[in-house]
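In the working numbering, the protein residues as written are 1021 to 1105. Even for Gly, the Cβ is constructed at its ideal location relative to N, Cα and C. Remember, it's a predicted structure, so these values are computed and weren't measured experimentally.
Here's what the structure looks like:
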């Protein structure tokens, strides 16, 4: 699908509604702009949600520690040992 768009004085382009709908673009989506001969290519990219990934990783670690019977004291001792090394 091709549509003509016009650049604003601020350098902004509007993605036509038909394309936004077809591609399921949302207002919070991020794109990478790549200069190509005679134009620009925009590609949607996913930015990881660091907070959610941290929560997920923390949960996985807590489950592993519980399974292996690792106590808080063990972790604190390991930290102190690492600081001495």
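- For residue 1050 against residue 1065, the beta-carbon gap comes to about 6 Å, under 8 Å, which counts as contact.
- Assignment of residue 1045 by DSSP, reduced to helix, strand and coil, places it in the coil class.
- The criterion of a C-beta distance shorter than 8 Å is not satisfied by residue 1038 and residue 1022.
- The DSSP-derived three-state label of residue 1081 is helix.
- Less than 8 Å divides the Cβ of residue 1036 from the Cβ of residue 1025.
- Assignment of residue 1052 by DSSP, reduced to helix, strand and coil, places it in the strand class.
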